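Trainee: Have a look at the structure that comes next, please.
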Amino acid sequence: MDLHTAERQLQAAQRAADVESLDALLHPQVVGAGPDGTVFTKEDDLESYRSGALRITNLVEESLDVQEDGETGMTRTVAAVDAVQGGAVMSARLRYTRLWVREDGNWRVLAATFVPV
């Protein structure tokens with residue numbers, strides 16, 4: 502699978518709250534940072550979907566830039582996102598930047614940030 506496909510699979514898993522697919526696409530040591538500076542781990546992210554604390558109701562990709570260099574790569578995505586987080590409805594246009602590593606032929610997110618655009 503190429504990195505472009507991996508990014509699209511990640512977005513589909515987020516939309517569907519597919520914890521099994523997210524687990525496969527996130528590196529065990531992934532660290533993410535949100536727009537307020539909050540840092541989260543893989544387990545934090547998976548638990549937010551598993552518990553329903555985060556439910557993405559709509560995610561529409563506006564742009565996607567993919568860079569690959571051997572066993573590492575980066576994706577930069579701008580998306581319009583509607584979600585329910587902690588019971589609060591939110592809508593935002595977000596820029597996601599993800600660092601990916603390829604292990605055994607599979608791309609996995611090692612680091613991620615997202616900020617409002």
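When we follow the numbering used here, the leftmost residue of the sequence shown carries the number 502, and every step to the right adds one. Cβ atoms here follow ideal geometry from the backbone N, Cα and C, with glycine treated the same way. Note that the coordinates shown come from a computational prediction; the quantities given were computed from them, not determined experimentally.
1. State the start and end residues of the unbroken beta strand (DSSP E) segment that holds D570.
2. Could you tell me the distance, in whole angstroms, from the CA atom of Q515 to the CA atom of A612?
3. Quick one: grab the DSSP three-state call for T539.
4. Excluding sequence positions up to five away, which residues of its chain have a Cβ less than 6 Å from the Cβ of M575?
5. Across the segment 516-524 and the segment 547-566, are there enough close Cβ pairs to call them in contact, namely three or more that are closer than 8 Å?
6. Report the option in Q510, T558, V532 and P617 whose CA atom is closest to the CA atom of S522.
7. In this structure, does DSSP put D583 in helix, strand or coil?
8. Quick check: what's the CA-CA separation for H528 versus A534?
9. In whole angstroms, what is the alpha-carbon distance linking M591 and V616?
10. Over the uninterrupted alpha helix (DSSP H) stretch that includes V590, give me the two end residues.
11. Output the distance between the C-alpha atoms of D545 and A525, rounded to the nearest integer angstrom.
Mentor: The relevant details are as follows:
1. According to the DSSP assignment, D570 belongs to the beta strand (DSSP E) that extends over L555 to D570.
2. Looking at the backbone, the Cα of Q515 and that of A612 are separated by about 16 Å.
3. Three-state DSSP puts T539 in coil, outside helix and strand.
4. Taken in chain order, the residues that qualify are Q568 and L600.
5. Two segments are said to touch when three or more pairs of C-beta atoms, one from each, lie closer than 8 Å; by this definition the segment 516-524 touches the segment 547-566.
6. The shortest C-alpha separation from S522 is found at Q510.
7. In the displayed model, D583 falls within a strand according to three-state DSSP.
8. The alpha-carbon atoms of H528 and A534 are separated by roughly 15 Å.
9. Each residue's alpha carbon lies about 14 Å from the other.
10. First-last for V590: A589 to E604, but that is the beta strand (DSSP E), not the alpha helix (DSSP H).
11. Between D545 and A525, the C-alpha separation is close to 15 Å.
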